[in-house]
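Notes follow once the structure below has been shown.
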Amino acid sequence: MTAASSVCAPLRNGSWSSGGAGAFGTAFSDPGGSVASLVSWALEYVAPLNEWLDQLVGNEGQVSSFAANWSGVASDLADCEAELVASAGRISALEGKTARALRKRHDDIGLVLADASEWSSATAASLELASSIVTAVHDAAVGALSELAGLVTSLFGFTLNPFDKVDQLKQLSERALAFIEVVGDLIDRMFDAFERLVALLRTLIPLIQESLLYLRTVLGETLRAEIPLIGGALDDLLARDPRVSELDPRDLTQKQRELLEELNSETSIDNFGDLIQSNGYVDSLGGNERSVIDIATVENADGIHYNVALPSTQDWGQIKGFFDPSTLPDTLKDYPATNDLDSNIALMILNNPVLATQYERAVLQAMADAGIPEGARVVYTGFSQGGIMAGNLASSTDSPYETIGIVTNGSPLGTFDIPPEIPVVSFEHEGDVVPILDLQAVDEQNVESPNRRTVVLPAPENGDAHNNANYVDSVREWEGPTSGDHRPAPDWFGGEIIDRQQHTWGE
Amino acid sequence: MRLRPRPIVALVLATLALSACAPQREPLDTAIPAAFLASDLGITAAEAGTSMDGFSLNVTASAEFDPDAAAPSADDLRTMLRLVVENTPQNNVNTLEIYGSVGPYEGGNAIDFGALGVELGFEDDNPLSGFSAPWDDVVELLDQ
Numbered sequence: 002m003t004a005a006s007s008v009c010a011p012l013r014n015g016s017w018s019s020g021g022a023g024a025f026g027t028a029f030s031d032p033g034g035s036v037a038s039l040v041s042w043a044l045e046y047v048a049p050l051n052e053w054l055d056q057l058v059g060n061e062g063q064v065s066s067f068a069a070n071w072s073g074v075a076s077d078l079a080d081c082e083a084e085l086v087a088s089a090g091r092i093s094a095l096e097g098k099t100a101r102a103l104r105k106r107h108d109d110i111g112l113v114l115a116d117a118s119e120w121s122s123a124t125a126a127s128l129e130l131a132s133s134i135v136t137a138v139h140d141a142a143v144g145a146l147s148e149l150a151g152l153v154t155s156l157f158g159f160t161l162n163p164f165d166k167v168d169q170l171k172q173l174s175e176r177a178l179a180f181i182e183v184v185g186d187l188i189d190r191m192f193d194a195f196e197r198l199v200a201l202l203r204t205l206i207p208l209i210q211e212s213l214l215y216l217r218t219v220l221g222e223t224l225r226a227e228i229p230l231i232g233g234a235l236d237d238l239l240a241r242d243p244r245v246s247e248l249d250p251r252d253l254t255q256k257q258r259e260l261l262e263e264l265n266s267e268t269s270i271d272n273f274g275d276l277i278q279s280n281g282y283v284d285s286l287g288g289n290e291r292s293v294i295d296i297a298t299v300e301n302a303d304g305i306h307y308n309v310a311l312p313s314t315q316d317w318g319q320i321k322g323f324f325d326p327s328t329l330p331d332t333l334k335d336y337p338a339t340n341d342l343d344s345n346i347a348l349m350i351l352n353n354p355v356l357a358t359q360y361e362r363a364v365l366q367a368m369a370d371a372g373i374p375e376g377a378r379v380v381y382t383g384f385s386q387g388g389i390m391a392g393n394l395a396s397s398t399d400s401p402y403e404t405i406g407i408v409t410n411g412s413p414l415g416t417f418d419i420p421p422e423i424p425v426v427s428f429e430h431e432g433d434v435v436p437i438l439d440l441q442a443v444d445e446q447n448v449e450s451p452n453r454r455t456v457v458l459p460a461p462e463n464g465d466a467h468n469n470a471n472y473v474d475s476v477r478e479w480e481g482p483t484s485g486d487h488r489p490a491p492d493w494f495g496g497e498i499i500d501r502q503q504h505t506w507g508e
Numbered sequence: 317m318r319l320r321p322r323p324i325v326a327l328v329l330a331t332l333a334l335s336a337c338a339p340q341r342e343p344l345d346t347a348i349p350a351a352f353l354a355s356d357l358g359i360t361a362a363e364a365g366t367s368m369d370g371f372s373l374n375v376t377a378s379a380e381f382d383p384d385a386a387a388p389s390a391d392d393l394r395t396m397l398r399l400v401v402e403n404t405p406q407n408n409v410n411t412l413e414i415y416g417s418v419g420p421y422e423g424g425n426a427i428d429f430g431a432l433g434v435e436l437g438f439e440d441d442n443p444l445s446g447f448s449a450p451w452d453d454v455v456e457l458l459d460q
């Protein structure tokens, strides 16, 4: 089951609504009809019902139109899938490297389209059900008002006895109260159900964002001349080497300087949590103003090795607007950090052993500047794109260094051809969509290489599964207390820190 | 082969349309420092910026306080939080952080904004000197 399928099942089956639209029906008369007129003095007794009715009429139309929009998206996606199948048929007879690459792209797009089609149609179905619920509650309010109107007519007919009015008014008040309680309860239940629906729909947001990123990058490679996004990735591969220098604290904000002091005060690497935390530190030290890597010289019983922490994506470039429309004016601005969307795409899609990305070339330059000798033993660690870079460097056949291990969190590593003798530990939060972009199952990866271990951690309570700070907490929880009964860290990355440097560059 | 990714195009256009409708506000990296300096909090220099943690957007503001002025209080922190929220155009901020120092930051003159945050009812789980809290919690505090 894909991540989308697990969200789509409850959306489609309506479990969020606790019984479907039928559960919101009532035995009031005149469902779907119009409200009989009430005498003006009686209206004040039923004011809540009338107000709810007005509000429900508006919402019903709104929800229906949203459902129709999503149905349209699902239909368009189905058309795209049909086109894809037809197009795949046309190239099936072709041979050669280009044809094989095109077939691979077809497969990639097909998988994402299938997912997108599933979540869009499930969203449409859930909104249609929501519309039905609004209609049912609307009908209940109409029914209640109609019955009250009938009651007013029958109770307040002509009478000569003024004391009869008091008794009749009491009866009307009791009935109005009962109706308001019933309809009020229905509306409470409707909003409870809608809150559950909204929570479900929210879980789709990162999936949709990732689908967009994936589709646009894959389509970009196929339609290189037409989609500007891929142009950024090509530019990245062809750009000149960035100028690398040691990080100068005078260039940093107060927070970054405090972080740097904290990082450089550490005397040892004792566990996975320490490595994952350093991934967050390099991100915070760089932001979108610069790229920063942290290089720790570590000594243990096996001798000296170097732990290199690599930064994650800090500038989402042309897809920033999907996170927040208010950032769209910022969309075309390319910030100095090279750990951006362009290099992400170049690393994942345009992987080319000859044309290394600016990011990769700068990392190797920084490692050389830090005095790491050729042939030295190196551990790479990174979050998200930093982990992708770690996988990229470890799978490189012409690296000047000996990779002795990789630790990543929130990174898709399944497509990298990492030598099986290199230990790889990948942490993945349940619900984090980024590590599963490689479309490989955790078990499949672990079986492929005995040195490869993927640790799936429970989703964080605040829901931000793709977040390094949450990964630090989860990994520390998984490891247990730092003293006493805890999981021992592997020997290959731990030890005493004898030197620590941070290097930086920008484009 | 030509694919027509119409749903994507529709989403892009919808997002652009939303952006076009939204009033363009001054970016926070200039608006927040300007608001800090215009306040009567004794701030002599300030900066603000954003960073990403995965998909989460964090806003950080820092301020240098006049060494001759009174030390900032929890009420001053509340005022700074309000100024940050009022001058942040983004709608999807995850975390808000505030740092400060008496005069230019030199390592030992940081103001313990984490402790001031505790006085406002927040937890202080930031290992650094600054105040750090979820954006929504800050907005909730300011709405009270």
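Chains G and S, in that order, are what the protein sequence lines are. Under our numbering, the letters of the first sequence match residues 2 to 508, in that order. Under our numbering, the letters of the second sequence match residues 317 to 460, in that order. C-beta atoms are modelled at their ideal positions from N, C-alpha and C, and glycine is treated no differently. A quick note: this is a predicted structure, and the numbers were derived from the prediction, not measured.
Can you check which of these residues, the options, is closest to residue i by C-alpha distance?
i                 : options                                : result
GLY388 of chain G : G:ALA369, G:GLY406, G:SER412           : G:SER412
ALA131 of chain G : G:GLU182, G:ASP193, G:VAL293           : G:ASP193
LEU112 of chain G : G:GLU263, G:ILE437, G:GLN503           : G:ILE437
ASN469 of chain G : G:ALA377, G:TYR282, G:GLU300           : G:TYR282
GLU175 of chain G : G:SER133, G:ALA145, G:THR409           : G:ALA145
ASN14 of chain G  : G:GLU129, G:PHE25, G:ARG251            : G:GLU129
PRO459 of chain G : G:ASN452, G:PRO451, G:GLU429           : G:GLU429
LEU311 of chain G : G:VAL183, G:LEU276, G:THR298, G:ASN471 : G:LEU276
ASP189 of chain G : G:PRO451, G:PHE25, G:SER6, G:MET390    : G:PHE25
ALA361 of chain S : S:SER372, S:ASP369, S:ALA379, S:MET368 : S:ALA379
PRO374 of chain G : G:SER396, G:TYR402, G:GLU196           : G:TYR402
GLY437 of chain S : S:ASP356, S:TYR415, S:GLN460           : S:GLN460
For residue i versus residue j, is the C-beta distance shorter than 8 Å?
i                 : j                 : result
ALA141 of chain G : LEU187 of chain G : yes
VAL245 of chain G : ASP399 of chain G : no
TYR381 of chain G : THR404 of chain G : yes
VAL456 of chain G : TRP479 of chain G : yes
PHE573 of chain G : ASN280 of chain G : Any answer about residue 573 of chain G is impossible in this case: the structure gives chain G only from 2 up to 508.
LEU12 of chain G  : ALA123 of chain G : yes
GLU413 of chain S : ASN374 of chain S : yes
LEU444 of chain S : GLU290 of chain G : no
GLN410 of chain G : GLU361 of chain G : Here residue 410 of chain G is Asn; the residue named in the question, Gln, does not match the sequence. Cβ atoms of ASN410 of chain G and GLU361 of chain G: not closer than 8 Å.
VAL401 of chain S : VAL434 of chain S : no
TRP120 of chain G : LEU205 of chain G : yes
SER313 of chain G : GLN359 of chain G : no
ASN442 of chain S : GLY430 of chain S : yes
Which same chain residues end up closer than 7 Å to residue i when comparing Cβ atoms and leaving out the 5 residues on each side of it in sequence?
i                 : result
ASN403 of chain S : LEU344, ALA347, ILE348, ALA351
ALA385 of chain S : GLY358
GLU300 of chain G : GLY496, GLU497, ILE499
Could you pull the DSSP bridge partners for residue i from this structure?
i                 : result
HIS504 of chain G : G:GLU247, G:ILE294
SER367 of chain S : S:ASN374
SER448 of chain S : S:GLU413
GLU403 of chain G : G:ARG378
ARG453 of chain G : G:VAL425
TYR472 of chain G : None; TYR472 of chain G has no bridge partner.
HIS306 of chain G : G:VAL299
ALA362 of chain S : S:ALA379
LEU432 of chain S : DSSP, once it has assigned bridges, lists no residue as partnering LEU432 of chain S.
VAL418 of chain S : S:PHE381
Using the beta-carbon count (16 or more within 10 Å), is residue i buried or exposed?
i                 : result
SER266 of chain G : exposed
LYS256 of chain G : buried
ASP1 of chain G   : Because chain G is modelled from 2 through 508, residue 1 of chain G falls outside the range shown and cannot be assessed.
ARG251 of chain G : exposed
ASN410 of chain S : buried
PRO207 of chain G : buried
PRO420 of chain S : exposed
VAL143 of chain G : buried
PRO420 of chain G : exposed
VAL379 of chain G : buried
SER147 of chain G : buried
ALA364 of chain S : buried
Can you list, in chain order, the residues of its chain with a C-beta nearer than 8 Å to that of residue i? Leave out the 5 residues immediately preceding and following it.
i                 : result
THR268 of chain G : GLU497, ILE498
PRO491 of chain G : GLY406, PRO424, VAL426
GLU247 of chain G : ASP370, GLN502, GLN503, HIS504, THR505
ASN425 of chain S : SER417, VAL418, GLY419
VAL8 of chain G   : TRP120, ALA123, LEU201, THR204, LEU205, LEU208
ALA395 of chain G : TYR381, THR404, ILE407, PHE417, ILE419, PRO420, ILE423, VAL425
Spatial neighbours of residue i within its chain, please: CB distance less than 6 Å, with the 5 preceding and 5 following residues excluded, ordered by chain position.
i                 : result
GLN502 of chain G : ILE296, ALA371
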